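Colleague: Pasting in a structure now, in structure tokens, and then I'll have a few things to ask.
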Amino acid sequence: TDRNLQHEEEFPEVRIDFQETFLGHTSPISRCRFSASGDNIASASVDGTVRIWTYDSSSPTSRNATIYCGAEIMSLEWDCKSDRLLLIGTADGGIKAWNVDAKRVVCDLNTTEAFPFVLDLKCSPVEPIFVSAAASKGYLLLTLILMKEEIEVLRPHFLCRHDIDGLGFASLTVWNMRTWKAMTVLPLGKDPPAITSLCFNHNGKILAAAATDGMIHMFGILLNTFIFSLMSAKDMSAGLQITGWPAHDSAISSVLFGPHETSIFSLGTDGKASTLISHEV
Numbered sequence: 001t002d003r004n005l006q007h008e009e010e011f012p013e014v015r016i017d018f019q020e021t022f023l024g025h026t027s028p029i030s031r032c033r034f035s036a037s038g039d040n041i042a043s044a045s046v047d048g049t050v051r052i053w054t055y056d057s058s059s060p061t062s063r064n065a066t067i068y069c070g071a072e073i074m075s076l077e078w079d080c081k082s083d084r085l086l087l088i089g090t091a092d093g094g095i096k097a098w099n100v101d102a103k104r105v106v107c108d109l110n111t112t113e114a115f116p117f118v119l120d121l122k123c124s125p126v127e128p129i130f131v132s133a134a135a136s137k138g139y140l141l142l143t144l145i146l147m148k149e150e151i152e153v154l155r156p157h158f159l160c161r162h163d164i165d166g167l168g169f170a171s172l173t174v175w176n177m178r179t180w181k182a183m184t185v186l187p188l189g190k191d192p193p194a195i196t197s198l199c200f201n202h203n204g205k206i207l208a209a210a211a212t213d214g215m216i217h218m219f220g221i222l223l224n225t226f227i228f229s230l231m232s233a234k235d236m237s238a239g240l241q242i243t244g245w246p247a248h249d250s251a252i253s254s255v256l257f258g259p260h261e262t263s264i265f266s267l268g269t270d271g272k273a274s275t276l277i278s279h280e281v
């Protein structure tokens, strides 16, 4: 595996064909996600509300909705196979599955109390499963919360995803989308740094997990059996720690597989981008 830095390239000027403006949120918007077909948009604001939009004026607006979650939204993920399900992760350990056709929550899941921050959610493009990346409260965050006179000022700041200094350890859970039950917790070793971003490859056999220590961890997924990728058969059967790449000197905010599935792109909180090239991916 080689770590290559891409040189700057000249790109053609981007021309905007049309622009739409959506109104409705009353607080700053923290994240947006297109659905699998691209016909719907889910947006979340810091006041704990999620709105579903239809940007094409020729499409029916029957799916448009406002979802009140009662806690800060930390992650959004659409089902890869349809536009019917939207997963919502919150800062109180909640994972809601919203059916856009029925306009209701069809399942309300919870992580363990030790890992209340659901930083990312990722659906498999093939299997009816999704993975949640949850984090515990860091020492710094716990210290600030104990300062009661400043809790209302400091708490919202340290719950924001981009401020990873307030995060603690990581927990990766695989969930079954048919039974809505946890299947397994992926082992990350003792006191692993928080996982901030997840990404499946095109066939759902490899999961990349980016962490606050600048590492990208790799999981191989075969027929509902979770094994460690890029390791020998002996290592897999022994259940040793998963392999990983030191992609950044800072925390990683986003990770994404390249179009040919032999590269992984990542973005650090220091604003630097990195490309990992591997013919084994």
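In terms of full-length UniProt numbering, the sequence shown is residues 1 to 281. Every residue gets a Cβ at the ideal spot worked out from N, C-alpha and C, and that includes glycine. Model, not experiment: these values are computed from the prediction.
Which word fits W245, buried or exposed, when buried means at least 16 other C-beta atoms lie within 10 angstroms of its C-beta?
Modeller: As a working mapping, residue 245 is identified with position 245 in the sequence shown. Buried, since its Cβ has 16 or more Cβ neighbours within 10 Å.
Colleague: From I16, A211 and A44, pick the residue whose C-alpha is nearest to that of A133; which is it?
Modeller: Taking the sequence shown and counting its residues from 1, one reaches residue 133 at position 133. Closest by alpha carbon: A211.
Colleague: Looking at A209 and I195, is the spacing between their C-beta atoms short of 9 Å?
Modeller: As a position in the sequence shown, residue 195 is number 195, starting the count at 1. As a position in the sequence shown, residue 209 is number 209, starting the count at 1. Yes, Cβ-Cβ distance for I195 and A209 is below 9 Å.
Colleague: Which same chain residues, not among the five before or five after L85, have their C-beta less than 8 Å away from its C-beta?
Modeller: For the purposes of this step, residue 85 is taken as the residue at position 85 of the sequence shown. Cβ neighbours of L85 beyond the five flanking positions: W78, D79, A97, W98, N99, V100, V106 and M177.
Colleague: What distance in whole Å lies between the Cβ atoms of I67 and P53, which are believed to be in contact at a cut-off of 8 Å?
Modeller: Residue 53 sits at position 53 when you count from the first residue of the sequence shown. Residue 67 sits at position 67 when you count from the first residue of the sequence shown. Correcting the residue type first, residue 53 is Trp in the shown sequence and not Pro. Not a contact, Cβ separation roughly 12 Å.
Colleague: Mind checking which residues open and close the beta strand (DSSP E) that includes S45?
Modeller: The residue you call residue 45 lines up with position 45 of the sequence shown. Looking at the DSSP string, the run of the beta strand (DSSP E) that includes S45 is N40 to S45.
Colleague: Which residue from L76, I95 and E13 puts its Cα closest to that of S30?
Modeller: By one-based count along the sequence shown, residue 30 stands at place 30. Looking at the Cα atoms, L76 is the closest of the given residues.
Colleague: Name the two residues that bound the continuous beta strand (DSSP E) containing R104.
Modeller: Position 104 of the sequence shown holds residue 104. From DSSP, the beta strand (DSSP E) with R104 extends over R104 to N110.
Colleague: At the level of alpha carbons, what is the spacing between E20 and D83?
Modeller: As a position in the sequence shown, residue 20 is number 20, starting the count at 1. As a position in the sequence shown, residue 83 is number 83, starting the count at 1. Near 21 Å, if we compare the C-alpha coordinates of D83 and E20.
Colleague: What does the alpha-carbon distance come out to for the pair V46 and E113?
Modeller: The residue labelled residue 46 in the question sits at position 46 within the sequence shown. The residue labelled residue 113 in the question sits at position 113 within the sequence shown. One C-alpha to the other measures close to 22 Å.
Colleague: Starting from E77, follow its DSSP beta bridges and name the residues at the other end.
Modeller: As a first step, residue 77 is located in the sequence shown; it is residue number 77 there, counting from the start. Answer is L87, bridged to E77.
Colleague: Relative to the C-alpha of D270, which residue among A182, T262, G70 and A251 is closest?
Modeller: Numbered from 1 along the sequence shown, position 270 holds the residue referred to as residue 270. Out of A182, T262, G70 and A251, A251 has the C-alpha closest to the C-alpha of D270.
Colleague: Could you tell me which uninterrupted beta strand (DSSP E) segments, each at least 3 residues in length, are contained entirely in the segment 180-230, listed from first to last along the chain?
Modeller: Listed in chain order, the complete beta strand (DSSP E) runs (minimum 3 residues) inside the segment 180-230 are 181-186, 195-200, 206-211, 215-222 and 225-228.
Colleague: Could you check the C-alpha separation between T184 and G38 for me, to the nearest Å?
Modeller: Against the sequence shown, residue 184 aligns to sequence position 184. Against the sequence shown, residue 38 aligns to sequence position 38. For T184 and G38, the distance between alpha carbons rounds to 31 Å.
Colleague: Among S171, N203 and P128, which residue has its Cα nearest to the Cα of T179?
Modeller: The residue you call residue 179 lines up with position 179 of the sequence shown. It is P128.
Colleague: With H, G and I counted as helix, E and B as strand and the rest as coil, what does DSSP make of N176?
Modeller: Here residue 176 corresponds to residue number 176 of the sequence shown, with the count starting at 1. Residue state, collapsed to three classes: strand.
Colleague: Once DSSP output is grouped into helix, strand and coil, what is the label at G94?
Modeller: Here residue 94 corresponds to residue number 94 of the sequence shown, with the count starting at 1. In this structure, G94 counts as strand in the three-state DSSP scheme.
Colleague: Between the C-alpha atoms of I74 and H260, what's the straight-line distance to the nearest angstrom?
Modeller: The residue labelled residue 74 in the question sits at position 74 within the sequence shown. The residue labelled residue 260 in the question sits at position 260 within the sequence shown. Correcting the residue identity first, residue 74 is Met in this sequence and not Ile. Taking the straight line from one Cα to the other gives about 29 Å.
Colleague: Check this for me: beta carbons of P272 and C199, under 9 Å apart or not?
Modeller: Along the sequence shown, read from residue 1 onward, the residue named residue 272 stands at position 272. Along the sequence shown, read from residue 1 onward, the residue named residue 199 stands at position 199. According to the sequence shown, residue 272 is Lys rather than Pro. No, the pair does not count as a contact, with Cβ atoms beyond the cut-off.
Colleague: Which two residues bound the contiguous beta strand (DSSP E) that contains A273?
Modeller: The residue you call residue 273 lines up with position 273 of the sequence shown. Start and end: A273 to I277.
Colleague: Among all the DSSP beta bridges, which residues are the ones paired with C123?
Modeller: In the sequence shown, residue 123 corresponds to position 123, counting from 1. C123 is bridged to F130.
Colleague: When the Cα atoms are used, what is the spatial distance from D92 to L109?
Modeller: The count along the sequence shown starts at 1 and reaches residue 92 at position 92. The count along the sequence shown starts at 1 and reaches residue 109 at position 109. If you take the alpha carbons of D92 and L109, they lie about 11 Å apart.
Colleague: Specify, as a first and last residue, the run of the beta strand (DSSP E) that Y68 falls within.
Modeller: The count along the sequence shown starts at 1 and reaches residue 68 at position 68. Run containing Y68: A65 to Y68, per the beta strand (DSSP E) assignment.
Colleague: Return the chain-ordered list of same chain residues with a C-beta closer than 6 Å to the C-beta of S237, the five sequence neighbours on each side being excluded.
Modeller: Position 237 of the sequence shown, counted from the first residue, corresponds to residue 237. At S237 the pLDDT is 28, less than 50, meaning the model places this residue with poor confidence; the figure from the coordinates comes in the next sentence. Excluding sequence neighbours, S237 sits near nothing in its chain.
Colleague: Where does H217 land, buried or exposed, given buried means 16+ other C-beta within 10 angstroms?
Modeller: On the sequence shown, position 217 is the one that residue 217 refers to. Under this definition H217 is a buried residue.
Colleague: Let's test the definition: count the other Cβ atoms within 10 Å of the Cβ of F117 and tell me whether it reaches 16, buried, or not, exposed.
Modeller: In the sequence shown, residue 117 corresponds to position 117, counting from 1. It is buried - the Cβ of F117 has at least 16 other Cβ atoms within 10 Å.
Colleague: Determine the contact status of V255 and G204, defining contact as a CB-CB distance below 9 Å.
Modeller: Residue numbering aside, residue 255 sits at position 255 when the sequence shown is read from its first letter. Residue numbering aside, residue 204 sits at position 204 when the sequence shown is read from its first letter. For V255 and G204, no; Cβs fall outside 9 Å.
Colleague: Would S197 and S274 qualify as a contact pair, given that the criterion is a beta-carbon distance under 9 Å?
Modeller: Residue 197 sits at position 197 when you count from the first residue of the sequence shown. Residue 274 sits at position 274 when you count from the first residue of the sequence shown. Cβ distance not < 9 Å, so S197 and S274 don't count as in contact.
Colleague: Short check: CB of N201 to CB of F257, under 9 Å?
Modeller: Against the sequence shown, residue 201 aligns to sequence position 201. Against the sequence shown, residue 257 aligns to sequence position 257. Yes, the pair counts as a contact, with Cβ atoms nearer than the cut-off.
Colleague: Can you check DSSP and say which residues form a bridge with I29?
Modeller: What you label residue 29 is simply residue 29 of the sequence shown in a count that begins at 1. Paired residues: S45.
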